[in-house]
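Here's the structure, in structure tokens; my notes come after.
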Amino acid sequence: MISQPLDKQLPHGVADLFFNDAARKRAVERTLADTFARWGYSEIIPPTFEYYESLAAEAGPQLREEMYRFFDRDGRTLALRADFTIPTARIVGTKLFDRAMPLRFYSIGSVFRYEEPQAGMRREFTQAGIELIGAATADADAEAIALAMTALRAIGLDDFRFTLGNAAYLQATTRDLALNDADDLALREAIRRKNTPALTQLLAALKLDDARKRALAQLPTLWGKANVLERAECVNDDARAAVEHLRAVVARLARFGLQDFITLDLAENRGMAYYTGILFEGFVEGLGFAVASGGRYDNLIAHFGPNLPAVGFAIGVERALIALRARGAVRATIAPDVIAQEYSARVQAARTRGQVVEVDILERDAAALRAYARVRGAREIWWRDGKSESVIAGDRKAGVKQSRNGELGIASSPLRGSAQ
Amino acid sequence: MSGLTIALAKGRLLNPSLKLLASIGYALRAAKDSRKLVLDAGTARFLVAKPMDVPIYVEYGAADVGIVGQDALRESGVNVYEPLALGYGNCRLVVAGKPEYKDAEWRLLAGLRVATKYPRMTKQYFAARGLSAEIIEVYGSVELAPAVGLADLIVDIVDTGRTLRENGLVELDEIFKSQAAFIVNRASHTLRVDEIRQVIERIEVKRDA
Numbered sequence: 058m059i060s061q062p063l064d065k066q067l068p069h070g071v072a073d074l075f076f077n078d079a080a081r082k083r084a085v086e087r088t089l090a091d092t093f094a095r096w097g098y099s100e101i102i103p104p105t106f107e108y109y110e111s112l113a114a115e116a117g118p119q120l121r122e123e124m125y126r127f128f129d130r131d132g133r134t135l136a137l138r139a140d141f142t143i144p145t146a147r148i149v150g151t152k153l154f155d156r157a158m159p160l161r162f163y164s165i166g167s168v169f170r171y172e173e174p175q176a177g178m179r180r181e182f183t184q185a186g187i188e189l190i191g192a193a194t195a196d197a198d199a200e201a202i203a204l205a206m207t208a209l210r211a212i213g214l215d216d217f218r219f220t221l222g223n224a225a226y227l228q229a230t231t232r233d234l235a236l237n238d239a240d241d242l243a244l245r246e247a248i249r250r251k252n253t254p255a256l257t258q259l260l261a262a263l264k265l266d267d268a269r270k271r272a273l274a275q276l277p278t279l280w281g282k283a284n285v286l287e288r289a290e291c292v293n294d295d296a297r298a299a300v301e302h303l304r305a306v307v308a309r310l311a312r313f314g315l316q317d318f319i320t321l322d323l324a325e326n327r328g329m330a331y332y333t334g335i336l337f338e339g340f341v342e343g344l345g346f347a348v349a350s351g352g353r354y355d356n357l358i359a360h361f362g363p364n365l366p367a368v369g370f371a372i373g374v375e376r377a378l379i380a381l382r383a384r385g386a387v388r389a390t391i392a393p394d395v396i397a398q399e400y401s402a403r404v405q406a407a408r409t410r411g412q413v414v415e416v417d418i419l420e421r422d423a424a425a426l427r428a429y430a431r432v433r434g435a436r437e438i439w440w441r442d443g444k445s446e447s448v449i450a451g452d453r454k455a456g457v458k459q460s461r462n463g464e465l466g467i468a469s470s471p472l473r474g475s476a477q
Numbered sequence: 035m036s037g038l039t040i041a042l043a044k045g046r047l048l049n050p051s052l053k054l055l056a057s058i059g060y061a062l063r064a065a066k067d068s069r070k071l072v073l074d075a076g077t078a079r080f081l082v083a084k085p086m087d088v089p090i091y092v093e094y095g096a097a098d099v100g101i102v103g104q105d106a107l108r109e110s111g112v113n114v115y116e117p118l119a120l121g122y123g124n125c126r127l128v129v130a131g132k133p134e135y136k137d138a139e140w141r142l143l144a145g146l147r148v149a150t151k152y153p154r155m156t157k158q159y160f161a162a163r164g165l166s167a168e169i170i171e172v173y174g175s176v177e178l179a180p181a182v183g184l185a186d187l188i189v190d191i192v193d194t195g196r197t198l199r200e201n202g203l204v205e206l207d208e209i210f211k212s213q214a215a216f217i218v219n220r221a222s223h224t225l226r227v228d229e230i231r232q233v234i235e236r237i238e239v240k241r242d243a
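Those protein sequence lines, which keep their order, are chains A and B.
Residue numbering for the first sequence follows the working numbering, beginning at 58 and increasing consecutively.
Residue numbering for the second sequence follows the working numbering, beginning at 35 and increasing consecutively.
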């Protein structure tokens, strides 16, 4: 049966998670948290909702549009967090700005966006990410990228490739262009989509100096290996600095042995409106969407307090799970090691050792308990008389049927002595 | 070479697309069978889909790349790369209606009804002009709508304009010009960076030859 129909069971874009799916998700989250912690990151837990005006601060029109907003009883507008970066920036800007730098934080939890669910990005979805605050160096950027790659590797997604761009390059190249809003939008859109025909048309219609035109026209082709940085036309010192910075980040990544997983892409200008420097996205086989994305945001914290440079990323946990499921790679299970017929000192000792032991509380007879043990996927049954019996892995459906009928349809497994 | 999956739009773009792909080394292994939706082209695999579905296949990565009309691409609103226009499959998306709408001042008309297969672009077009049009989404024979009183105007693709004339309609405004486009999934663009670059370069050479 698909499910019992119930009028308006769930709103669009949220999901129930239980059994092995919940276990797998938590296993992935734990591995990510452990990985972040080993790189010196500690957890920061912002509230689920806060004042809309703080969250909307530098969010950009699209993210602002996607925020869940509501009123408290005093009529103030609240919003559910749409990412972890903005709340973390508020906390650092208002409370932690004078601590020893850098600050290294990670967060894992739900964020909320009012958008059409797409490849695991529901309206409530889970981000696991880090923020590295108080350093504007290439080393900081390289650490963020290397950690994103290491985290994907830790959860079993080791065939990743990352794109790496620098928002500062496009910002410098388009500085003082004095375009009207429509042209500006069209230009960015054409570059973002690598839409050479549209870009050519647009540039022909705009009054620009030749160097600028050349620089913009070549942008859709500026992707690939390090030679991209040689080819990039630089119209001013800031554009040159942006390219140099990418070169430095790639050189740092080489120290981690991770430079070959990078595709440079100078046309990248998507992502959060608050990005000011490097931006990167991680892709894995079998998933048409980015599983990780991040970037540098050097002006965000200044909105809440003293200016502090920062870089961060988030992994989409549901997307990671989709990719992992295709690989059959997460083995987390809710099956107990043992089902005991009754509570005993042995049960207690086993639990203390870390075994998962479930005790029968329905006074099942032997046949029903064996059937139940099969359904639950337990490895052993511990009988009341102290004997242990290993559970024969069988057809789970048959097991269900047996437990309902209470009959013994399958030959009982050989009794074994106590495991102890 | 590669194991690329290429989504192709059914209909008038299919044959020129197959020809283009054959010229860059992706020739069909067997004669084209119009019922088959997955075609073997040696090192590549073709998925033949409805034009409106091709952008979705590519956005989700079910296909690495695709060839589709820019009309279907704009209408789908998907997030993909579109590095090449291919120079064939030219057509235009236009607003059309009975001749009396030619000189009518639309901004004074309340409750315009517009029939279209392109609701997204139609909505954008009228919204950008501050007109509160009622959009009626139909799946075929859009030209029929004004004649039977279903709609005042239509938004549709025009090739020669004959269908419009035969139904007593005239072109009122052009929304945009369309041609076949080569599109790329964002993940594939990174995961198969060398193969995709090679395909783009080869197509460019053939197209401009």
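All C-beta atoms in this analysis are idealised placements derived from N, C-alpha and C, irrespective of residue type, glycine included.
Pull up the distance between the alpha-carbon of residue i and that of residue j, whole angstroms please.
i, j, result
"N201 (chain B)", "L55 (chain B)", "37 angstroms"
"E116 (chain B)", "T207 (chain A)", "31 angstroms"
"L259 (chain A)", "Q119 (chain A)", "24 angstroms"
"I335 (chain A)", "S350 (chain A)", "11 angstroms"
"I230 (chain B)", "I217 (chain B)", "10 angstroms"
"W439 (chain A)", "A383 (chain A)", "36 angstroms"
"D64 (chain A)", "E107 (chain A)", "31 angstroms"
"V307 (chain A)", "R156 (chain A)", "30 angstroms"
"A185 (chain A)", "E86 (chain A)", "7 angstroms"
Residues of chain A with a CB under 7 angstroms from the CB of residue i: which are they?
i, result
"A119 (chain B)", "P254"
"Y115 (chain B)", "R250 and K251"
"T224 (chain B)", "R218, T220, T320 and F340"
"N219 (chain B)", "G345"
"R46 (chain B)", "Within 7 angstroms Cβ-Cβ: nothing; R46 (chain B) doesn't reach chain A, min ~20 angstroms."
"D236 (chain B)", "Sequence inspection shows Arg at residue 236 (chain B); the Asp mentioned does not correspond to that position. The premise fails here: R236 (chain B) is roughly 15 angstroms from chain A at the closest Cβ pair, so nothing lies under 7 angstroms."
Residue i versus chain B: which residues are under 9 angstroms apart at the beta carbon?
i, result
"F106 (chain A)", "Neighbours of F106 (chain A) on chain B: none; closest Cβ ~28 angstroms, over 9 angstroms."
On the criterion of 16 or more Cβ atoms from any shown chain inside 10 Å, does residue i qualify as buried, or is it exposed?
i, result
"R180 (chain A)", "buried"
"N284 (chain A)", "exposed"
"G95 (chain B)", "buried"
"L67 (chain A)", "exposed"
"G103 (chain B)", "buried"
"V71 (chain A)", "exposed"
"Y109 (chain A)", "buried"
"P295 (chain B)", "As shown, chain B starts at 35 and ends at 243. That puts residue 295 (chain B) outside it, with no answer to give."
Are residue i and residue j close, meaning C-beta to C-beta below 8 angstroms?
i, j, result
"E325 (chain A)", "T220 (chain A)", "yes"
"N149 (chain B)", "A179 (chain B)", "Reading off the sequence shown, one finds Ala at residue 149 (chain B), where the question assumed Asn. Yes, these two residues count as a Cβ contact at 8 angstroms."
"E168 (chain B)", "L184 (chain B)", "no"
"V374 (chain A)", "K82 (chain A)", "yes"
"F346 (chain A)", "A41 (chain B)", "no"
"A215 (chain B)", "L127 (chain B)", "no"
"A197 (chain A)", "A305 (chain A)", "no"
"A367 (chain A)", "L357 (chain A)", "yes"
"E342 (chain A)", "L225 (chain B)", "yes"
"I143 (chain A)", "A116 (chain A)", "yes"
"Y354 (chain A)", "T333 (chain A)", "yes"
"G123 (chain B)", "Q213 (chain B)", "yes"
"F93 (chain A)", "A139 (chain A)", "no"
In chain order, what residues of the same chain lie with their CB nearer than 6 angstroms to the CB of residue i, ignoring the 5 residues before and after it?
i, result
"T88 (chain A)", "A211 and I212"
"Y152 (chain B)", "E109 and V189"
"E437 (chain A)", "V395, S445 and S447"
"Y400 (chain A)", "V416"
"A272 (chain A)", "T230, E290 and V292"
"I545 (chain A)", "Past the boundaries of the shown model lies residue 545 (chain A); chain A is included only from 58 to 477, so the question cannot be answered."
"A78 (chain B)", "L38, I40 and Y60"
What does residue i reach in chain A if we use C-beta pairs closer than 8 angstroms?
i, result
"V227 (chain B)", "R218, W280, G281 and T320"
Below 8 angstroms CB to CB, which residues in the same chain sit around residue i once its five sequence neighbours on both sides are set aside?
i, result
"F76 (chain A)", "I391"
"R269 (chain A)", "T230, L234 and V292"
"Q175 (chain A)", "F346"
"I237 (chain B)", "L54, I58, L118, L120 and F216"
"G411 (chain A)", "none"
"V72 (chain B)", "R79, F80, L81 and V82"
"G191 (chain A)", "M158, P159, L160, L365, P366 and A367"
Could you work out which residues of chain B lie near residue i, taking near to mean beta carbons separated by less than 7 angstroms?
i, result
"P277 (chain A)", "P117"
What residues of chain B sit near residue i, judged by a beta carbon separation below 8 angstroms?
i, result
"A176 (chain A)", "Y94"
Residues in the same chain with beta-carbon distance under 7 angstroms from residue i, minus the five sequence neighbours each way, listed in chain order, please.
i, result
"D193 (chain B)", "C125"
"R421 (chain A)", "Y429"
"A299 (chain A)", "N223, A225, Y226 and A229"
"H223 (chain B)", "Y115 and I230"
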